[in-house]
Amino acid sequence: MSEPLSPADAVREEYRARIHRVMDYIEAHLAEPLPLEKLARVANFSPFHFHRIFRGMTGETLNAFVARLRVERAAQKLIANPRDSVTQIAFDCGFSGSAPFARAFRATTGMSATEWRRRKIGQSNSKIDQSIRKPRKDFTIHVEYIATGFGHKPTWRIAMSKEITAEVEVKEMPEMCVAYIRHTGPFKGDAKLFEGLFARLCQWAGPRGLLQFPKTQMLATYHDDPNITEEDKLRLSVCVTVPPETVVDGEIGKMTIAGGKYAVARFELLPPEFEDAWTGLMGGWFPQSGYQPGDGLCYELYHNDPKQHPEGRCVVDLCVPVKAL
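Position one of the sequence shown corresponds to residue -10 (the working numbering), numbered consecutively onward.
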């Protein structure tokens, strides 16, 4: 059991939890108007002080945070949805029109949305060609469609090396209510960071009777694209599934991960191999699948304790919401 928090630390954790709750709300409602008064109510702070609290806790003004997420969401959509017009994407991401979107996008990226789309899709295609056709340090992506016969689910096999292989299915995933601890900042390949976050989450969930394996599931969600968002602003949430009526407090937040159609790739990975696995799924499987990434959070769903695996590997599903290309 962890030591009880001091009164000052407890207050600080309550403030952090409220800010995270607002971030979750903003992320889920980016296409809607987000006035200060509404967001202050979500945080249960006075609107007269909320914007100062938000800036003090995050280092960004509330308006800057909302604008950044909208631009980053648009940047993702411009690549993932090449047939959608720039104007439609601007409206889908909460901008009131083409002109304010164009100003915000250029101020953030230094180029127009059209130029961004052209450059990034060109770079992506080049990287895909290299990864599939040109072996580099035992990292060639081979994707094979393996489902045959009437009644079989569509299934693909990704082979990237002798050690890194996966089978991919597109299937319906359930909506999940999760309790989480959030980290903001770098996390790439940091196994100790993940271990520490999950340990704190389990220290909270265990005494409350919320760890009921195999019913309980452990996962991590990624709120930002590391190819777009600055590293020190990347948000990671480590999560445990909980009943919807669960009461959370302090640094523990609660959110709902949407159900629906997902690409689900089952891997067995060592910590340094996670990035390559995501590359294989996003850069190798998607271009040959007939699907594109849909809106919603990507997440990793864990199926074992790597310490119990003979090679220390993590059995994990990489889950990405999808829609038809």
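Positions of the beta carbon are idealized from the N, C-alpha and C atoms, including for glycine.
Bear in mind the structure is a predicted one, so any value in this text is a computation, not a measurement.
Does the Cβ of residue i have 16 or more other Cβ atoms within 10 Å, making it buried, or fewer, making it exposed?
{"i": "residue 65", "result": "buried"}
{"i": "residue 205", "result": "exposed"}
{"i": "residue 288", "result": "buried"}
{"i": "residue 134", "result": "exposed"}
{"i": "residue -4", "result": "exposed"}
{"i": "residue 22", "result": "exposed"}
{"i": "residue 188", "result": "exposed"}
{"i": "residue 9", "result": "buried"}
{"i": "residue 293", "result": "exposed"}
{"i": "residue 70", "result": "buried"}
{"i": "residue 178", "result": "exposed"}
{"i": "residue -2", "result": "exposed"}
{"i": "residue 306", "result": "buried"}
{"i": "residue 157", "result": "buried"}
{"i": "residue 63", "result": "buried"}
{"i": "residue 234", "result": "exposed"}
{"i": "residue 244", "result": "buried"}
{"i": "residue 203", "result": "exposed"}
{"i": "residue 123", "result": "Residue confidence is low: residue 123 scores 43 on pLDDT, short of 50, so the model does not pin down where it sits. Its coordinate-derived value is still stated next. By the 10 Å Cβ count, residue 123 comes out exposed."}
{"i": "residue 92", "result": "exposed"}
{"i": "residue 175", "result": "exposed"}
{"i": "residue 100", "result": "exposed"}
{"i": "residue 79", "result": "buried"}
{"i": "residue 125", "result": "With a pLDDT of 40 at residue 125, under the threshold of 50, the modelled position of that residue is not reliable, and no figure is offered here."}
{"i": "residue 96", "result": "exposed"}
{"i": "residue 236", "result": "exposed"}
{"i": "residue 190", "result": "buried"}
{"i": "residue -10", "result": "Residue placement at residue -10 is flagged as unreliable, the pLDDT there being 49, under the threshold of 50; a coordinate-derived value is accordingly withheld."}
Going by DSSP, which residues form a beta bridge with residue i?
{"i": "residue 226", "result": "171 and 210"}
{"i": "residue 256", "result": "305"}
{"i": "residue 300", "result": "In the DSSP output, where bridge partners are listed per residue, residue 300 has none listed."}
{"i": "residue 246", "result": "165"}
{"i": "residue 147", "result": "132 and 155"}
{"i": "residue 266", "result": "Answer by DSSP bridge pairing: none, since residue 266 is not bridged."}
{"i": "residue 261", "result": "According to DSSP, residue 261 bridges with nothing at all."}
{"i": "residue 313", "result": "280"}
{"i": "residue 160", "result": "251"}
{"i": "residue 289", "result": "209 and 307"}
Under 8 Å by Cβ, that's how I've got residue i and residue j pegged, so tell me the actual separation to the nearest angstrom.
{"i": "residue 83", "j": "residue 20", "result": "5 Å"}
{"i": "residue 274", "j": "residue 147", "result": "6 Å"}
{"i": "residue 11", "j": "residue 32", "result": "5 Å"}
{"i": "residue 262", "j": "residue 130", "result": "The Cβ separation is near 13 Å, so there is no contact."}
{"i": "residue 214", "j": "residue 61", "result": "7 Å"}
{"i": "residue 255", "j": "residue 180", "result": "About 20 Å; that fails the 8 Å criterion."}
{"i": "residue 304", "j": "residue 257", "result": "5 Å"}
{"i": "residue 42", "j": "residue 54", "result": "Their Cβ separation, rounded to whole angstroms, is 13 Å, which puts residue 42 and residue 54 out of contact at 8 Å."}
{"i": "residue 108", "j": "residue 67", "result": "At roughly 10 Å, the Cβ-Cβ gap does not stay under 8 Å, so residue 108 and residue 67 are not in contact."}
{"i": "residue 242", "j": "residue 197", "result": "Incorrect: roughly 15 Å between the Cβ atoms, too far for contact."}
Closer than 8 Å: is that where the CB of residue i sits relative to any heavy atom of the ligand ADP?
{"i": "residue 197", "result": "This structure lacks the ligand ADP; in fact it carries no ligand of any kind."}
Which ranges does the beta strand (DSSP E) cover as unbroken runs of at least 3 residues, wholly within the stretch 165 to 224, from first to last along the chain?
165 to 173 and 207 to 211
At 4 residues or longer, and completely inside the stretch 18 to 103: list those alpha helix (DSSP H) runs for me, N to C.
25 to 32, 36 to 47, 51 to 69, 75 to 81 and 87 to 98
With a cut-off of 8 Å, do at least 3 Cβ pairs link the stretch 224 to 244 to the stretch 205 to 215?
yes
Cβ contact (3+ pairs, closer than 8 Å) linking the stretch 154 to 174 and the stretch 246 to 259
yes
How do the stretch 163 to 175 and the stretch 229 to 236 stand: do at least 3 beta-carbon pairs fall below 8 Å, yes or no?
yes
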